[in-house]
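Colleague:
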Amino acid sequence: MEFTLDLNLFDELHSDDFIDLSSSGRPSDKNGFKEGILKLLNAFPDLQTNVDDILIDFEKSQIAVRWHSIGINKQKYLGIGPTEKLTKITGIEIIEIKEVKIIKRWGEWDISDHLNK
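If you're matching positions, the sequence shown starts at -16 in the numbering used here and goes up one per residue.
1. What does a CB cutoff of less than 7 Å around Pro65 pick up in its chain, not counting 5 residues either side in sequence?
2. Using beta-carbon positions only, say whether Thr91 and Ile72 come within less than 8 Å of one another.
3. Which same chain residues, not among the five before or five after Ile46, have their C-beta less than 6 Å away from its C-beta?
4. Does the count of Cβ pairs from the stretch -10 to -3 and the stretch 12 to 27 closer than 8 Å reach three?
5. Gly54 and Phe27 - do their beta-carbons sit closer together than 8 Å?
6. Under 6 Å Cβ to Cβ from Ser11, same chain only, skipping five residues before and after it: list those, please.
7. What's the gap between the Cα of Lys84 and the Cα of Arg9?
8. Grouping DSSP H, G and I as helix and E and B as strand, with all else coil, what is Gly15?
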């Protein structure tokens, strides 16, 4: 399943009280997470993301997603680039939902392919 990020939909789906519990080093609020996604998309403008697995826990109102993305690095990202090389990024996310809004996110991304270019 391939998807494209719609920033209006991003704002609609994420609660104003959203908390990013990953260890990314960026601000843990909705705007910090959105800014991180925008930096990624600016560095990899042709980024294609595919969802590999989705698991749903209805009792906890949580969804786990395993995904991978590929794209060509066109701008500096995390101090590297532009490399002009195809890069693969993988990740696992757990999101918690309350009243049809994403309220929490735990995520781990593997960007070693980019770091080794």
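Note that the Cβ used here is the ideal one computed from N, Cα and C, for glycine as well.
Modeller: According to the data block:
1. What you label residue 65 is simply residue 82 of the sequence shown in a count that begins at 1. Within the same chain, Pro65 has close Cβ partners Asn56, Lys57, Gln58 and Lys59.
2. Position 108 of the sequence shown, counted from the start, is the residue given in the question as residue 91. Position 89 of the sequence shown, counted from the start, is the residue given in the question as residue 72. Note that residue 91 is Glu in the sequence shown here, rather than Thr. Cβ distance not < 8 Å, so Glu91 and Ile72 don't count as in contact.
3. Residue numbering aside, residue 46 sits at position 63 when the sequence shown is read from its first letter. Answer for Ile46: Ile39 and Ile78, listed in chain order.
4. Taking 8 Å as the limit for Cβ pairs, the verdict is that the stretch 12 to 27 does touch the stretch -10 to -3.
5. Here the question's residue 27 lines up with position 44 in the sequence shown. Here the question's residue 54 lines up with position 71 in the sequence shown. In this structure, Phe27 sits near Gly54, with a CB-CB distance shorter than 8 Å.
6. Numbered from 1 along the sequence shown, position 28 holds the residue referred to as residue 11. Closer than 6 Å at Cβ, skipping near neighbours: Ile2 and Asp3.
7. Within the sequence shown, the letter at position 101 stands for residue 84. Within the sequence shown, the letter at position 26 stands for residue 9. C-alpha separation (whole angstroms): 21 Å.
8. For the purposes of this step, residue 15 is taken as the residue at position 32 of the sequence shown. Look at Gly15 here: in three-state DSSP terms it is helix.
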